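Mind the numbering: the sequence shown is residues 0 to 194 in numbering that gives the first Met the number 0, read in order. Just so you know, even glycine gets a beta-carbon here, dropped at the ideal spot from N, CA and C. Remember, predicted model here, so these are calculated numbers, not experimental data. To start, the structure itself, in structure tokens.
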Amino acid sequence: MLNRLWQPVHICNVRRAFALLYKNAAHVVAAQNGSFETYPFSQWVAAGVNGGDTPSVGTVSMRIRMPEIILLIHYDRLPLREVKLTRRNVYLRDKNTCQYCGRTLRDGELNLDHVVPRHLGGGTTWTNIVCSCVTCNLKKGEKTPDHARMGLLKKPVKPRWSPFNRIAFRGEAYASWEHFLSPAGWKVQISNVLS
Ligand SMILES: [Zn+2]
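If you want it as structure tokens, here you go:
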């Protein structure tokens with residue numbers, strides 16, 4: 000989903016996309032002769048399905064081509080969201096790499112480590128939790144990195160959310176989305192909107 004300024008804001012399923020299109024809250028965006036065109040729902044339906052292998056959705060009387068990109072007509076904000084602090088997401092942020100010894104390991108061989116231990120006031124936060132191998136975790140014990148003489152590979156940070164954040168989104172992506180992720184593409188699209 001793109002907002003009114005053609006900025007990617009969200010990823011939704013096809014059912015939701017059709018609901019928004021049907022209500023005329025969104026238009027389909029599709030590549031046409033090298034540029035992106037917008038189609039209100041009625042036009043999109045009328046355009047039909049070209050090619051037998053085009054992903055489509057069937058109704059009683061027809062098939063409708065599956066949209067890959069929709070443009071929200073009224074929404075112009077960028078949503079403020081957060082990447083959830085979970086074991087899996089910390090492993091993803093740290094690329095399954097122990098932040099003390101630098102070894103990359105499978106999930107089962109890793110642990111979460113409080114950089115500043117809880118009993119010393121360290122919180123369960125993005126900036127105080129790192130991925131650690133079991134060995135380093137045991138070695139560090141209930142000490143701070145300084146006290147344990149174990150330096151961190153890098154300072155842990157809170158990941159910034161975006162609809163295409165590797166951590167936030169692990170579904171299927173379409174090639175057509177690529178255009179809206181590059182800064183060059185953004186400039187082109189935003190100038191289209193403003194002109
Ligand atoms: Zn380690």
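Proximity to residue i [Cα-Cα], best of the options
i       : options                             : result
Asn-2   : Glu-177, Val-56, Pro-39 and Leu-71  : Leu-71
Ser-41  : Ala-25, Lys-83, Ala-174 and Leu-137 : Ala-25
Arg-14  : Tyr-38, Leu-151, Ala-45 and Arg-64  : Arg-64
Gly-101 : Gly-120, Pro-116 and Leu-152        : Leu-152
Tyr-173 : Ile-10, Leu-4, Val-89 and Trp-5     : Ile-10
Glu-81  : Pro-158, Val-59 and Phe-35          : Pro-158
Thr-134 : Thr-103, Arg-87, Gly-122 and Ala-18 : Thr-103
Lys-154 : Thr-53, Gln-98, Ala-147 and His-146 : Gln-98
Ala-16  : Arg-148, Trp-125, Met-0 and Gln-6   : Met-0
The alpha helix (DSSP H) enclosing residue i, as first and last residue numbers
i       : result
Asp-112 : No alpha helix (DSSP H) contains Asp-112, which is instead part of the beta strand (DSSP E) from 109-113.
Arg-87  : 86-92
Val-217 : Residue 217 cannot be examined here, being either before or after the span of the chain that is shown, 0 to 194.
Ala-147 : 144-147
Arg-14  : 13-21
Bounding residues of the beta strand (DSSP E) (the contiguous stretch that carries residue i)
i      : result
Tyr-38 : 34-38
Leu-71 : 68-71
Gln-6  : Counting along the chain, Gln-6 falls outside any beta strand (DSSP E), and DSSP gives it neither H nor E.
Presumed contact (8 Å Cβ cut-off) between residue i and residue j, rounded CB distance
i       : j       : result
Ile-69  : Val-28  : 6 Å
Val-129 : Asp-106 : Not confirmed; about 15 Å, so no contact.
Pro-78  : Val-8   : 6 Å
**Report entry** Below 7 Å from a heavy atom of ligand 1 - residues by beta-carbon
**Finding:** Cys-97, Tyr-99, Cys-100, Arg-102, Ser-131, Cys-132, Thr-134 and Cys-135
Query raised in the report: Is there contact here, the segment 110-123 with the segment 135-144, by at least three beta-carbon pairs under 8 Å?
Result: yes
Query - Cβ contact (3+ pairs, closer than 8 Å) linking the segment 29-40 and the segment 87-101 - result: no
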